[in-house]
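Participant: Start counting the sequence shown at 29; every next residue gets the next number (my numbering). For each residue, glycine too, the CB sits at the ideal point set by N, CA and C. Before we start, here is the structure in question, set down as structure tokens.
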Amino acid sequence: MSLVFNQGAINRILFTLHFQKELPIVAHQKLMEMTGEEVMNLEQVTEFFKKIDNGEFRLEEEVKEKPQVTLVQVLNVPDFVEQYLDIDTRLCLRKTCTTIRKIVNEKRLHIGCLNREIFWN
């Protein structure tokens, strides 16, 4: 079973070889060894190396940034959620930050069932 390399993987292989200061002809040979076939000819590899040298190709451009989660998004929780918080969870949440402490303190704790054990000596 032969491996299939997409263009992104080939670009990263060539970028790595360029970073290792390989010549285009050596990079072309190593690329053929890795893929088992000629996926790019020597001229294409040379052109790709020129793009890297000119700054036209960079790996950072392909990395997608994750959206940042803000405190407003975290605190935008429906009002019914606090019904499901037990005492231990409330105490843990209070320790995270003053804003969450204020929110937890404002919400009343509803206890569905309260058991009390009494021990006599």
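So does L45 have its beta carbon nearer than 8 angstroms to some heavy atom of the ligand SAH?
Facilitator: The model on display carries no ligand, and the ligand SAH is accordingly not part of it.
Participant: Just to confirm my understanding: we take M60, look at its own chain, exclude 5 residues before and 5 after, and list those with CB closer than 7 angstroms. What are they?
Facilitator: Mapped onto the sequence shown, residue 60 falls at position 32. Here the set comprises E66.
Participant: Between the C-alpha atoms of H56 and N69, what's the straight-line distance to the nearest angstrom?
Facilitator: Here residue 56 is taken as the residue at index 28 of the sequence shown, counted from 1. Here residue 69 is taken as the residue at index 41 of the sequence shown, counted from 1. So the alpha carbons of these two residues sit roughly 7 angstroms apart.
Participant: Can you list, in chain order, the residues of its chain with a C-beta nearer than 6 angstroms to that of M29? Leave out the 5 residues immediately preceding and following it.
Facilitator: Walking along the sequence shown from the start, residue 29 turns up at place 1. Interpretation of M29 is limited by its pLDDT of 43, a score under 50 that renders its predicted location unreliable; no figure is taken from the coordinates.
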